[in-house]
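Protein chains in written order, with my numbering: chain A, 23 to 362; chain B, 606 to 925; chain C, -2 to 300.
Here's what the structure looks like:
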């Protein structure tokens, strides 16, 4: 796509972990993210989905240089962010922002809401007068659905959903071009999740933002993403256009994730067979050889134990990392007719 | 069938810097043996505090009124010593964060054999065998060996399964689970919910599932109690609640569940935020967020009995 | 859609309202502290005590080193004006106790202040920057920590002679180590909080993060530790004075007075009882205030 703003190539984030007892200490590499590549266009939303421990949060932080990357490139408008020195990277932060999972923890409890939203402005535009800064802060609060007269309140005086709106206002105040959303609704009540999702989607359309939207739940992602990347143990399993992914997943893991999403319908939920994902995810410290998913995959054959499947392009343009993608038919059968 | 637990006019209030906060404002419900009840509401609806009060586990600044009769004995009037006899034995509670329920410095075995030795009068070896059996029931692989491990050696999902096994150890008559799967991955959630259901059916145990996610209870519970701002706003069987919700709040909760099984581009949200419990609005507390509010809503609605265990706290049900 | 309009109207209406005042965590803590009777009582007693030791010696008809030859070793008496009695050489115990209180409290406050400034800066910097700087800085702390304190004090006394400044230096030099360790530990955990990460993602620089995000969130712990350090320092000074390493005669501190009084305990118990009483009350008060602060700043039973 010509309008690509972000291009990630072979990105890896490894952490050195000490293992063993007092005497047999050794350093092991925890491959949180292992060779992930994707592209993101202007105004597009890419969902990143996977179970906890799949490396999606590390990926989010590596994109913004908050954790060091071991390898790879993060090309932002053609410029490799990983190669920038601290000072240049700091300037780039105006364009790249992040929204965190825990709305209350991401706000300094000792600062007023106004100061929290204004902080990025102070940092980048120290010359702007306080009155103007506060004017802008009030504007942002209104934009995200907060009452501007609450500007002098403290985070603990707000509910979880409102705190997340404050976090969104802080991320938007510098007019960024890309926002990385790290599970922005996982900590919220279901009734409030919908508010925040709708807000993010409206803002994205209005401001033509590019979003990387991280979640552990496919059903949330569906309502906001154009494309979805499914991650497992640090690797991309499938990158596909959202509609196609839900209709006919290419990877057995995607299909298992879709089938394990709770169905809010008593009749269907009770008659549904088990998901097939029986065991827990293997430790990322000792990922399985071959395809990392083979230990939980109902379709695994000998080859999957041996060879690592590459992320390859399928004829219709989506990407998948599975040896058997062509032969498997994982189409999701809709359980009930659509009732609206 | 007589009820196992009868709760009448339960009230919980907290003394806070903002003044008195009424977290629970008079709830009534019955729990029958073997029944599975879901208590659904947003944070601040009082769903957790109500059950902490029944268990005598309220924070220091909280106080509770009302009755909670367990086999006819009022738990609220009991001394903490008598209550301790029931806690963990007849009534067990498991919490959202498994790490807070597990002592990181003790092996699983040490934490699991105390209860059965104390409450069931088993010897050490018997208690251990019993604990291993429970771990096997919650599908911990190699329970005989892993029982000697410490909490940090398990994954999050396994830890939660261990706390469930601990909750089940003394074969309680009631198991109260407070958001047991919210912190877990979707792939694990369904399995744990199923597991609790299986154990409950086998031992004819009553379960209470406290959650904010109506979608998560569809497959596992019999009856639903929807709470809002410290009150019950609707009750009914799972089928009734999902197929024909009566209260606008329940309908809002259902509409806001993101679904994979429907092609529907807009996600409906309940507007606004849960009310501030220290400064509740007059009239119907849900009025400000309700799309069907009308003049009558200036008065607080009673809980209208709709027959056969159904009830809704909404003026739309007013027969007059 | 009716729902959306309904709330949009409410939202527009609310936009015209005036600014709402926020209630900071500090105000909350303050209100909780005011409800703690032990802490409030202790604070009032301490305030009275401080006024007394500051103003008292000026109002007294006697100087602390004035010898009243007519009433040596006099028991407390209303008639001769020595309300707390006198010591063996006829010095008024009341004025000496108040004067000694000045020294004791001054040592407590100044030495704590010294340890506070050094400890917080040192600990916050070590904790925030981490890595090699942290290792180097904390090893230095370990090394100083390992020096025997009494040996260190005696060495200072021998080299520089007995001087009140040296007591500040000696006590402060040891106490900031604990403060630095506590602050570093807190900083390490704060550093991993999401709001610090958020600030970094917004491009906020190190010194600003320490100033705006780390230190304000440390203050609670630091305040508690400070109120608990003051009595500890007073006690250390008393101990030094008791051993004869404290301030020089005729100046004295509570510790020195207790030491003097202990020698005449059998013949003139009042020379021991009054300074000891003041010392003990002060220690209790600071501990109550510290406990109150801790409960107020770190409420476990929040809804």
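From the three backbone atoms N, C-alpha and C, an ideal C-beta is built for every residue, glycine too.
Predicted model, so just to flag it, every value in this text is computed and none were measured.
Can you pull the chain A neighbours of residue i, defined as C-beta to C-beta under 7 Å?
i	result
residue 220/C	Going along chain A, no residue has its Cβ under 7 Å from residue 220/C, so there is no contact; the nearest lies around 13 Å.
residue 192/C	127, 128, 129, 130
residue 198/C	86, 88, 115, 119, 120
residue 862/B	212, 286
residue 201/C	141, 145
residue 19/C	134, 174, 175, 176, 179
Drop a sphere of 10 angstroms on the beta-carbon of residue i, count the other beta-carbons inside from all chains shown, and report buried for 16 or more, exposed for fewer.
i	result
residue 275/C	buried
residue 53/A	buried
residue 78/A	buried
residue 214/C	buried
residue 263/C	exposed
residue 71/C	buried
residue 140/A	buried
residue 136/C	exposed
residue 729/B	exposed
residue 96/C	buried
residue 60/A	buried
residue 40/A	exposed
residue 358/A	Note on residue 358/A: pLDDT 48, under 50, position unreliable in the model; the coordinate value appears next. The residue in question, residue 358/A, is exposed, as its Cβ has fewer than 16 Cβ neighbours within 10 Å.
residue 28/C	exposed
residue 757/B	exposed
Which chain C residues sit within Cβ distance under 7 Å of residue i?
i	result
residue 37/A	By Cβ distance, chain C contributes nothing, its closest Cβ being about 14 Å from residue 37/A, past 7 Å.
At a CB-CB cut-off below 8 Å, which residues of chain A make contact with residue i?
i	result
residue 272/C	In chain order: nothing, as chain A lies at least about 41 Å away.
residue 214/C	130, 131, 132
residue 847/B	286, 287, 288
residue 647/B	211, 213, 214
To the nearest angstrom, how far is the alpha carbon of residue i from that of residue j?
i	j	result
residue 186/A	residue 731/B	50 Å
residue 317/C	residue 67/C	Because residue 317/C is not part of the residues shown, which for chain C are -2 to 300, the question remains open.
residue 861/B	residue 752/B	41 Å
residue 819/B	residue 925/B	31 Å
residue 113/C	residue 102/C	16 Å
residue 759/B	residue 189/C	23 Å
residue 240/C	residue 151/C	11 Å
residue 747/B	residue 317/A	17 Å
residue 204/A	residue 900/B	43 Å
residue 610/B	residue 643/B	15 Å
residue 77/C	residue 278/C	27 Å
residue -2/C	residue 897/B	Because the pLDDT of residue -2/C is 39, which lies under 50, any placement of that residue in the model is unreliable, and the question is left without a value.
residue 688/B	residue 873/B	44 Å
residue 933/B	residue 212/A	A question about residue 933/B goes unanswered here, because the residues of chain B that appear run from 606 up to 925.
residue 631/B	residue 614/B	4 Å
residue 20/C	residue 175/A	6 Å
residue 300/C	residue 865/B	Residue placement at residue 300/C is poorly supported in this model, since its pLDDT is 36, which falls under 50; the coordinates still yield a value, given next. One C-alpha to the other measures close to 35 Å.
residue 142/C	residue 182/C	17 Å
Under 9 Å Cβ-Cβ, which residues of chain A neighbour residue i?
i	result
residue 844/B	288, 289
residue 16/C	170, 171, 172, 173, 174
residue 803/B	The contacting residues do not exist; residue 803/B stays about 12 Å from chain A at best.
residue 740/B	Chain A residues near residue 740/B: none, gap ~14 Å exceeds 9 Å.
Please compile the residues from chain B whose C-beta is within a distance smaller than 7 Å of the C-beta of residue i.
i	result
residue 219/A	872
residue 238/A	790, 791
residue 292/A	824
Q) For the region 120 to 137 of chain A, which residues have a beta carbon sitting closer than 8 Å to at least one beta carbon of chain C? A) Result list: 120, 122, 123, 124, 127, 128, 129, 130, 131, 132, 133, 134, 135.
Q: Closer than 8 Å, Cβ to Cβ, to anything on chain A: give me those residues from the region 869 to 889 of chain B, in chain order.
A: Of all residues in the region 869 to 889 of chain B, the ones placed with a Cβ closer than 8 Å to any Cβ belonging to chain A are 869, 870, 871, 872, 873, 874, 875, 876, 878, 879, in chain order.
Q: With 7 Å as the C-beta to C-beta threshold (strictly closer), list the residues of the region 56 to 90 of chain A near chain C in chain order.
A: Along the region 56 to 90 of chain A, the positions whose C-beta sits under 7 Å from a C-beta of chain C are 86, 88, read in chain order.
**Q.** Members of the region 135 to 158 of chain A that neighbour chain C once the beta carbon cut-off is set at 7 Å
**A.** Contact annotation: in the region 135 to 158 of chain A, residues whose CB is within less than 7 Å of a CB in chain C are 141, 142, 145, 146.
Q) Mind listing which residues of the region 262 to 283 of chain A have their C-beta closer than 8 Å to chain B's C-betas, in chain order? A) Listed by position along the chain: 268, 278, 279, 280, 282, 283.
Q) If you scan the region 645 to 670 of chain B from start to end, which runs of the alpha helix (DSSP H) of 4 or more residues do you find wholly inside it? A) Restricted to the region 645 to 670 of chain B, the alpha helix (DSSP H) segments that are unbroken, complete and at least 4 residues in length are 652 to 659, listed in chain order.
Q | Against chain C: residues of the region 178 to 203 of chain A by CB proximity under 8 Å | A | The residues in question are 178, 179, 189, 192, 196.
Q) When you check each C-beta in the region 241 to 261 of chain A against every C-beta of chain B, which residues fall closer than 8 Å? A) Listed in sequence order: 241, 242, 244, 245.
Q. Looking at chain C, which residues of the region 101 to 112 of chain A have a Cβ within less than 7 Å of any of its Cβ atoms?
A. Taken in chain order, the members of the region 101 to 112 of chain A whose beta-carbon sits within less than 7 Å of a beta-carbon on chain C are 112.
Q: Name, going along the chain, the residues of the region 252 to 268 of chain C whose beta-carbon falls closer than 7 Å to a beta-carbon of chain A.
A: Using a CB distance below 7 Å, no part of the region 252 to 268 of chain C faces chain A.
Q: Mind listing, in chain order, the continuous beta strand (DSSP E) runs of no fewer than 3 residues lying wholly within the region 244 to 331 of chain A?
A: Unbroken beta strand (DSSP E) runs of no fewer than 3 residues, entirely contained in the region 244 to 331 of chain A, are found at 249 to 254, 257 to 263, following chain order.
Q: With 7 Å as the limit, tell me which residues of the region 807 to 825 of chain B have their beta carbon closer than that to any beta carbon of chain A; keep them in chain order.
A: Here the close residues are 817, 818, 819, 820, 821, 823, 824.
Q: Could you pull out every unbroken beta strand (DSSP E) segment of at least 3 residues lying fully inside the region 88 to 146 of chain A, listed in chain order?
A: You should have 93 to 98, 118 to 121.
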